[in-house]
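A short worksheet on the structure shown next.
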Amino acid sequence: MLMAVLAFASCEKEEDETSGFSKYLRMKINSCERFGDVLRIDFTMTNVSGKDLEDIEFSGVSVVDNNGDEYSDLTNSAGYVSFNDGFKKNYLKVSIDKKDEINGAFFINNFKPSSVKSVDLKFSADLGSDKFNGTVKDFKKIKVEDNRVMRNGIQTNDKALEFKVTSCTRTSTGDCILSMNLKNVSEENKNITNFSIGEANNGNSFEDNQGNGYFWYNVDVSVNGGNWKDYRVYDLSLYAGESMTVKFRIPNFSRTATSLSGVIGVNSDVYPFTGNVAKVMSVEVE
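Residue numbers (our numbering): 818 to 1103.
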């Protein structure tokens, strides 16, 4: 049986105790964090089999929280996996040379806004019929860190991104300009490339405290002082430690509204953001 690894992090460090799986792969949970309605579990995995392992497949990712609620394909909370900051999919293959280590992450969507303290994780692993092909389910009581911002600010969509509202002002022409600073705060010094920012859905992007909605199609976006673009700016890069300014122009804003809430879409074809929606939470309008 493997001993638990103790280290300072946002999650209890636990290693798999499934003898068949751990005979070939040693997995360590590094962090378990909630961002918005997505739970992200980061891990490292080392090939300890003494041989190269090809086309390892992970699938069927699910968790059960300490309240007994299950999050899986059966409960509309599909689980995904990503290796080495690549695409996240509900099933994924990877190859690992002997003694090599790779990084990965599990993602659970539609995680309930409740007082969840810990989760039990399980997933299917296929290392080949002559090795291990079954369910790995010995990561128990993984402590969850909740990174939601509940009011007065922005609820980030990923731990590598830090949003800070710098101003939210009403103009003489009737627009509301929401300005923010977006910084890459990745602890692993990862660069975020080929991403876009703007609208998050096909409904209202923003609402004021009086219940007025502002449709996504009418909202303009500007990055780093550039020209206003219709509802989204594409092909952005944010290298480790760097920042950019992002502004949203909301037309025909209520003259009497005093605060603004809404959703911001953040998407990438190459970087696996934990979630794709950041939330603006009751920002005061000056």
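Each residue gets a CB set at the ideal place from its N, CA and C atoms; glycine is no exception.
For residue i, which residues in the same chain have their Cβ closer than 7 Å to its Cβ, ignoring the five residues on either side in sequence?
{"i": "residue 1105", "result": "Beyond the ends of the chain as shown, which are 818 and 1103, falls residue 1105; an answer cannot be given."}
{"i": "residue 838", "result": "942, 949, 953"}
{"i": "residue 1044", "result": "none"}
{"i": "residue 1086", "result": "1011"}
If residue i sits next to residue j, beta carbons under 8 Å apart, how far is it from one beta carbon to the other, in whole angstroms?
{"i": "residue 858", "j": "residue 922", "result": "7 Å"}
{"i": "residue 999", "j": "residue 1098", "result": "The pair is not a contact, with the Cβ atoms about 16 Å apart (cut-off 8 Å)."}
{"i": "residue 925", "j": "residue 855", "result": "7 Å"}
{"i": "residue 920", "j": "residue 861", "result": "6 Å"}
{"i": "residue 1018", "j": "residue 1080", "result": "7 Å"}
{"i": "residue 1012", "j": "residue 1036", "result": "Contact flag wrong, Cβ pair sits at about 18 Å."}
{"i": "residue 1009", "j": "residue 1088", "result": "5 Å"}
Going by CA-CA distance only, name the one from the options that's closest to residue i.
{"i": "residue 1067", "options": "1025, 949, 862, 983", "result": "1025"}
{"i": "residue 1058", "options": "996, 1002, 989", "result": "1002"}
{"i": "residue 816", "options": "962, 946, 935, 971", "result": "A question about residue 816 goes unanswered here, because the residues of the chain that appear run from 818 up to 1103."}
{"i": "residue 1049", "options": "1033, 940, 991", "result": "1033"}
{"i": "residue 960", "options": "1007, 1006, 850", "result": "850"}
{"i": "residue 993", "options": "1078, 947, 980, 940", "result": "1078"}
{"i": "residue 963", "options": "1091, 1095, 852, 947", "result": "852"}
{"i": "residue 947", "options": "877, 904, 841", "result": "841"}
Near residue i, what residues of its chain come up, given a Cβ to Cβ distance below 8 Å and the 5 sequence neighbours on each side ignored?
{"i": "residue 1030", "result": "1020, 1021, 1023, 1024"}
{"i": "residue 950", "result": "942, 943, 944"}
{"i": "residue 1027", "result": "1071, 1073, 1074"}
{"i": "residue 868", "result": "915"}
{"i": "residue 826", "result": "Confidence at residue 826 is low in this model, with a pLDDT of 38, below 50, so its placement is unreliable and the value that follows should be read with caution. Excluding positions up to five away in sequence, the list reads 847, 848."}
Excluding the 5 residues preceding and the 5 following residue i in the sequence, name in chain order all residues of the same chain whose CB lies nearer than 6 Å to its CB.
{"i": "residue 863", "result": "843, 918"}
{"i": "residue 865", "result": "843"}
{"i": "residue 1101", "result": "1076"}
### Task
Report yes or no: do the stretch 915-933 and the stretch 878-885 share at least 3 C-beta pairs separated by less than 8 Å?
Yes, they touch.
#### Entry: Given 8 Å, three or more beta-carbon pairs between the stretch 840-852 and the stretch 889-905
Here the stretch 840-852 does not lie against the stretch 889-905, with fewer than 3 beta-carbon pairs under 8 Å apart.
#### Entry: Given 8 Å, three or more beta-carbon pairs between the stretch 906-915 and the stretch 870-877
Three or more beta-carbon pairs separated by less than 8 Å link the stretch 906-915 to the stretch 870-877, which places the two stretches in contact.
### Query
Which ranges would you report for the beta strand (DSSP E) in the stretch 866-947 if only whole runs of at least 3 residues count?
870-882, 896-900, 908-913, 918-925, 935-943
### Task
Ignoring anything shorter than 3 residues or poking outside the stretch 1027-1069, list the beta strand (DSSP E) runs there in chain order.
DSSP runs (the beta strand (DSSP E)) wholly in the stretch 1027-1069: 1030-1032, 1037-1040, 1049-1055, 1060-1067.
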